[in-house]
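Report on one structure; see the data block that follows.
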Amino acid sequence: MIRISFPDGAIREYQPGVTGMEIARSISEGLARKVLAARVNGEVWDASRPITTDATLSLLTWEDTDGKSTFWHSSAHLMAEAVEAIFPGVKFWVGPPIDKGFYYDIDLGDRAISEEQLKQIELLMSDLAKKNSVYERKAVPKAEAVSYFSEKGDEYKLDLLQGLNDGEITFYTQGNFTDLCRGPHIPHTGLIKAVKLTNIAGAYWKGDEKNKQLTRIYGVSFPNQKELDEYLLMLEEAKKRDHRKLGKELGIFTFDDEVGPGLPLWMPNGTVVIEELERLAKETEQDAGYKRVVTPHIAKESLYLTSGHLPYYQESMYPAMEMEGTKYYLKAMNCPHHHKIFAAESRSYKELPLRLAEYGTCYRYEQSGELFGLMRVRCLHMNDAHIYCTREQFADEFRAVNDMYLKYFKIFGIDKYVMRLSLHDPAKLGKKYIDEPELWLETEAMVRRVLIESNIPFIEVPDEGAFYGPKIDVQIWSAIGREFTLATNQVDFAQGRRFKLNFTNKDNQPETPLIIHRAPLGTHERFIGFLLEHYAGKFPLWLAPQQVRILPISDKFLPYAQEVLKQLKKADIRAELDDRSEKIGKKIRDTELMRVPYMFVIGEKEVNEHKVAVRKQGQGDQGAKDVSEIISILKNEITERQ
RNA sequence: GCCGUUGUAGCUCAGUGGUAGAGCACUUCCUUGGUAAGGAAGAGGUCUGGGGUUCAAUUCCCCAUAACGGCUCCA
5 MIRISFPDGA IREYQPGVTG MEIARSISEG LARKVLAARV NGEVWDASRP ITTDATLSLL
65 TWEDTDGKST FWHSSAHLMA EAVEAIFPGV KFWVGPPIDK GFYYDIDLGD RAISEEQLKQ
125 IELLMSDLAK KNSVYERKAV PKAEAVSYFS EKGDEYKLDL LQGLNDGEIT FYTQGNFTDL
185 CRGPHIPHTG LIKAVKLTNI AGAYWKGDEK NKQLTRIYGV SFPNQKELDE YLLMLEEAKK
245 RDHRKLGKEL GIFTFDDEVG PGLPLWMPNG TVVIEELERL AKETEQDAGY KRVVTPHIAK
305 ESLYLTSGHL PYYQESMYPA MEMEGTKYYL KAMNCPHHHK IFAAESRSYK ELPLRLAEYG
365 TCYRYEQSGE LFGLMRVRCL HMNDAHIYCT REQFADEFRA VNDMYLKYFK IFGIDKYVMR
425 LSLHDPAKLG KKYIDEPELW LETEAMVRRV LIESNIPFIE VPDEGAFYGP KIDVQIWSAI
485 GREFTLATNQ VDFAQGRRFK LNFTNKDNQP ETPLIIHRAP LGTHERFIGF LLEHYAGKFP
545 LWLAPQQVRI LPISDKFLPY AQEVLKQLKK ADIRAELDDR SEKIGKKIRD TELMRVPYMF
605 VIGEKEVNEH KVAVRKQGQG DQGAKDVSEI ISILKNEITE RQ
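Residues in the first sequence are numbered from 5 upward in steps of one, following our numbering.
Structure follows, in structure tokens:
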């Protein structure tokens, strides 16, 4: 007998060779029907795979992340079976589960899949699922696997096989489809009750743009129709939060073909948000000892040769313009300009840390296919600053920058993000990374220590650093699930030297400062795009382009409404008067749709009592208040940035 | 940049090988109504741009361009 330990601590004995499914059945039929896979000694297995030794066991269902992944992986195989039936002779690359669903990369030869055919594949998948085909696992000697795929002429699977050793190669077969696959899989196709193929896209083989492009089909599947319906509904809801849609509806920004792709035009409402963000940044930076600077949008070629950005990033910069025989570039980053301000005067250690801040305008020639609403643009305004400090000052400065991030995130209620510490790869020193092995290790350790001491959860990723030093990125996700770096905090021990920056230290010796690049609010573009989605267009009062709209019930009350408007403006509250001859219901609806936080309804009663009927966006009538009283409430809410 | 899809009024979208339509928005008039759409009339389009096929192209084909879905990239 073998001893099986369960997650609840129970230990039961079974015959050697018992399967996860058999154990499930011994517990209850209901459980057995739900089991998708089994975690045996920490490894996810087919529920049908025999267990021969003592083991810990968790039975995985749809409720488990690994259960879901297995389910989607099996769904990818089911899709492949359907695709192969409709397009005989296609070749498959890989078909993994992803965050929400699965995909399969397919070489269709010179064929293409139309939307209708996608529907057809989806229908066939449902039919095939109903056959309850079992996913059968078979261990195959490498030679046999190679000859199988050689015969098929499948260079993709042969390529996969190259990386595998004899003895670890398995095939899975369900219905008419056999695939080289590590597994595991769910018991049978009948568990897949609802399928939706979401989109078709091109994807480079092995993710390398030099390689051939395969066709990728994305899909998602569920154990019942209800969950699929809910998922589709959720997607619809997410689309409503999309900053591109909200930005248009709320008059925040627009694009124009004649201006150019990726060059946003900020409309009056969006400009208000920009100005409020800048006000916040200026206040915060002033408190933190920053000094503001302003630099031009262009610079001579030599500046970027000194910085090292040319030629490495030339492709991402707008082409040079030539003036009197000299090349000028639109700036893609502010740092070289700031370094020149540092270099403009002789510096003493007494001046450090020197913190130079600028909402700098940068232009980057992002690839056309990369542009994405406000999140990825070609003209951006960075909440940029560079801190020049000594090595001794570094940790404190870095910590202060981190504290600033957290302060901002609290104001905006940002809690869904991941802090990512990007490190260098020692093998690429001198190539991708500046060749300063000790400085790398030293600064990485400093950064890591600051994060740990500040109790900030973070993940570490190797080989993602900037060429001049390690960095911390704050990763966020857009409404439709795309990942972006919202803010960045970077160490730079390279550019100080490149620009021959130095300060005179206590020993009267020149010393190169360490530099911190930081952009806690990222760029106006990405940050406002993010905020639109984060707030679903409902900006807090202090950020709202329009804070109050006055809604007279009839034209008779316009004079009093004008009076109230005057008082609001005097109090520096962004207010407008809806003086259209519309009914109050209509005015309220329009104001609600524009997400104006406060409405002041004015009728006969309010005029007589010298009040306004306050209505809050999304919350309805709040009762009548004295004008001066509500103004002081709003002023407080604005000042506190609630 | 690559693969795929799309481009019709300010917005959302119908539609057709014989020079175009709806709703909302806009203008004017009527209405003066108490917490999410009052009524009427009107104005508004080089059907993304350029070529081609055709007696005739917004519609079919090609190229360009932009957006969208991905891939790649992201200082």
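Yeah, the Cβ is synthetic: ideal placement off N, Cα and C, and Gly gets one too.
Could you say which of the options lies nearest to residue i if we only look at CA atoms?
| i | options | result |
| --- | --- | --- |
| I484 | R382, G377 and P100 | G377 |
| K38 | T177, G194, S9 and G179 | G194 |
| F488 | P466, E529 and R502 | E529 |
| P20 | I6, L132 and G293 | I6 |
| G113 | E159, L334 and F507 | E159 |
| A361 | V298, R351 and R382 | V298 |
| V263 | C383, D429 and L63 | C383 |
| L314 | M337, S632 and A292 | M337 |
| L433 | P441, I8 and E148 | P441 |
| Y108 | E120, E282, I8 and K210 | K210 |
| F531 | P300, F226, I418 and Q566 | I418 |
| E88 | S151, G179 and Q494 | G179 |
| Y322 | Y152, P340 and I302 | I302 |
| S311 | R501, R245, T202 and R486 | R501 |
| V138 | F181, Y333 and L638 | F181 |
| P54 | Y18, L128, K591 and M450 | Y18 |
Where does residue i sit, in a helix, a strand or coil, going by DSSP?
| i | result |
| --- | --- |
| V618 | strand |
| G373 | helix |
| P265 | coil |
| W76 | helix |
| Y539 | coil |
| V98 | coil |
| F488 | strand |
| F604 | strand |
| H385 | strand |
| S62 | strand |
| L455 | helix |
| T508 | strand |
| K629 | strand |
| R186 | coil |
| V298 | coil |
| M25 | helix |
| V144 | coil |
| M408 | helix |
| L572 | helix |
| W481 | strand |
I'd like to confirm the pairing. Which residues does DSSP put opposite residue i in its beta bridges?
| i | result |
| --- | --- |
| M327 | T330 |
| W49 | A42 |
| L358 | Y392 |
| G624 | K620 |
| E515 | F507 |
| C366 | L384 |
| D496 | I519 |
| F91 | Note: F91 sits in no beta bridge, so no partner. |
Within 10 Å of its beta-carbon, does residue i have 16 or more other beta-carbons around it, so buried, or fewer, so exposed?
| i | result |
| --- | --- |
| P549 | buried |
| T527 | buried |
| D657 | Absent from the structure is residue 657, since the part of the chain shown begins at 5 and ends at 646. |
| A619 | Strictly speaking, residue 619 in this sequence is Arg, with Ala absent from that position. Counting Cβ neighbours within 10 Å, R619 comes out buried, since at least 16 surround it. |
| Q499 | buried |
| V465 | exposed |
| P11 | exposed |
| G647 | Nothing can be reported for residue 647, as the shown portion of the chain is limited to 5 through 646. |
| P474 | buried |
| S52 | buried |
| L455 | buried |
| V276 | buried |
| V422 | exposed |
| M129 | buried |
| N640 | exposed |
Since residue i and residue j should fall inside the 8 Å C-beta cutoff, what is the C-beta to C-beta distance between them, to a whole number of angstroms?
| i | j | result |
| --- | --- | --- |
| S79 | I196 | 6 Å |
| L250 | F398 | Actually they are not in contact, since the Cβ atoms of L250 and F398 sit about 40 Å apart, beyond 8 Å. |
| L525 | N387 | 4 Å |
| T174 | K142 | 6 Å |
| D439 | Y472 | With a Cβ gap of about 12 Å, D439 and Y472 do not count as contacting. |
| H192 | N136 | 5 Å |
| L82 | A133 | 6 Å |
| H342 | Y363 | Their Cβ separation, rounded to whole angstroms, is 13 Å, which puts H342 and Y363 out of contact at 8 Å. |
| T74 | V48 | 7 Å |
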